[in-house]
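Peer 1: Handing you a structure now.
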Amino acid sequence: MTMKNVTFSTCLTVVMLVIFTSMVGLSFGFPAKARFMPLVVGVPGIALCLIQLAIDLFRSPAAPAAASVGQAIAAASSPESGSDEAELPEFGPHTARQELVMAAYFVSFIAGVVAFGFYISVPIMLLTFLKRQAECSWKLSVALAAAATLVLYLVFGRLLGIELHPGLVTPWVLHALGINTI
C-alpha cells in the first residue's frame, strides 16, 4: 500500500464510508421503523465501500486501475495495448462527457422518481441506461429492467410492507383514468 494507490476515487470512497457509517450510527437513535431504511441502505454501503477501499489500497502500483471490467477487457484486447502511450489521469477533459452523461442520468432518475414514482422510474431508467450506456441487447435490457422492478416490488411492497413514493403525477393520472389505487 503506497500513496500512489490513493486516487480521487479512493478519497471519494472514504467520504462515502464516513457518510454511510454516520447514517448507520445515527439510525440507532431512531424508533425501530424509522431505523430500518438507513440500515438497509447504510450497511451494504459500508460493506461496498470497504471492499472498494481494499481494492484501491492493496492494488499493485504497476497494475493500472480500470474504470470497469469491460474497459479492462477492451484495453487488454486492443491492438494498442502494448504501446508505450502515457496513461491518462483518472479525471480530466477526456472524461468530461462521461461525467455529464452520468450526472444527467442521476438527475433524470431523481426527477423521474419525484414525478412518476419508483415503480415507473426504475424500469424506464434502467432500460435506458442498459440500452444506451451498457449497449445491452433489447432482450437483456427489458429482462433486467423487469426483474429489477419485480424485485423492488416484492422486497419493499410485499415482504417489508414499505410503500415507496408513488410520484406526484402518477396518482393524478390514475385517478383521471378512473383507476382506483389502494
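Under my numbering, the sequence shown has 40 at position 29, and the numbering climbs by one with no breaks. Cβ coordinates follow ideal geometry from the N, Cα and C atoms, glycine included. For clarity, every value in this text was computed on a predicted model and none was experimentally measured.
Assuming contact is defined by CB atoms lying nearer than 9 Å, are F47 and L185 in contact in what I supplied?
Peer 2: Stepping through the sequence shown from its first residue, residue 47 is reached at position 36. Stepping through the sequence shown from its first residue, residue 185 is reached at position 174. Not closer than 9 Å, so no.
Peer 1: For the pair the region 139 to 153 and the region 164 to 182, tell me if three or more CB-CB distances fall below 8 Å.
Peer 2: no
Peer 1: Under a three-way DSSP split, which group does H186 fall into?
Peer 2: Locating residue 186 in the sequence shown gives position 175, where the first residue counts as 1. In the structure shown, H186 sits in a helix (DSSP, three-state: H, G or I).
Peer 1: Use the C-beta contact count for L37: other C-beta atoms within 10 angstroms, 16 or more gives buried, fewer gives exposed.
Peer 2: As a first step, residue 37 is located in the sequence shown; it is residue number 26 there, counting from the start. With fewer than 16 Cβ atoms within 10 Å of its Cβ, L37 is classed as exposed.
Peer 1: For L137, which residues of its own chain have a beta-carbon under 6 Å away from its beta-carbon, when the five flanking residues on both sides are left out?
Peer 2: Mapped onto the sequence shown, residue 137 falls at position 126. Same-chain partners within the cutoff: A156, A159.
Peer 1: Between the beta-carbon of L163 and the beta-carbon of V133, is there less than 9 Å?
Peer 2: To locate residue 163, count along the sequence shown from 1; it is residue 152. To locate residue 133, count along the sequence shown from 1; it is residue 122. Yes, these two residues count as a Cβ contact at 9 Å.
Peer 1: How about L28 and L61: are their beta carbons less than 9 Å apart?
Peer 2: Within the sequence shown, numbered from 1, the residue matching residue 28 stands at position 17. Within the sequence shown, numbered from 1, the residue matching residue 61 stands at position 50. Against a cut-off of 9 Å, the Cβ pair of L61 and L28 comes out as a contact.
Peer 1: On a Cα-Cα basis, can you pick out the residue from V166, L68, A65, F39 that is closest to V54?
Peer 2: Along the sequence shown, one-based indexing puts residue 54 at 43. Nearest option by C-alpha distance: F39.
Peer 1: Within 10 angstroms of its Cβ, does L141 collect 16 or more other Cβ (buried), or is it exposed?
Peer 2: As a working note, residue 141 is residue 130 in the sequence shown. Looking at its Cβ environment, which holds 16 or more other Cβ atoms inside 10 Å, L141 is buried.
Peer 1: When burial is assigned at 16 or more other CB atoms within 10 Å of the CB, is F69 buried or exposed?
Peer 2: If you number the sequence shown from 1, residue 69 lands on position 58. Answer is exposed; the Cβ neighbour count stays below 16.
Peer 1: Given this structure, state the Cα-to-Cα distance separating A85 from L99, to the nearest angstrom.
Peer 2: The count along the sequence shown starts at 1 and reaches residue 85 at position 74. The count along the sequence shown starts at 1 and reaches residue 99 at position 88. Residue placement at A85 is poorly supported in this model, since its pLDDT is 49, which falls under 50; the coordinates still yield a value, given next. Roughly 16 Å separates the two Cα atoms.
Peer 1: Looking at C-alpha atoms only, which residue of G189, F31, V51, P42 is the closest neighbour of F167?
Peer 2: The count along the sequence shown starts at 1 and reaches residue 167 at position 156. F167 has its Cα closest to that of V51, out of G189, F31, V51, P42.
Peer 1: Would F41 be called buried (16 or more neighbouring beta carbons within 10 Å of its own) or exposed?
Peer 2: Taking the first residue of the sequence shown as position 1, residue 41 is located at position 30. Exposed: under 16 other Cβ atoms inside 10 Å.
Peer 1: Let me know the secondary structure DSSP gives A65 once reduced to three states.
Peer 2: For the purposes of this step, residue 65 is identified with residue 54 of the sequence shown, where counting begins at 1. DSSP places A65 in helix when its eight states are reduced to three.
Peer 1: I think V26 touches P49, with their Cβ atoms under 8 Å apart; what is that distance to the nearest whole Å?
Peer 2: Within the sequence shown, the letter at position 15 stands for residue 26. Within the sequence shown, the letter at position 38 stands for residue 49. Going by Cβ atoms, the distance from V26 to P49 rounds to 17 Å, so no, they are not a contact pair.
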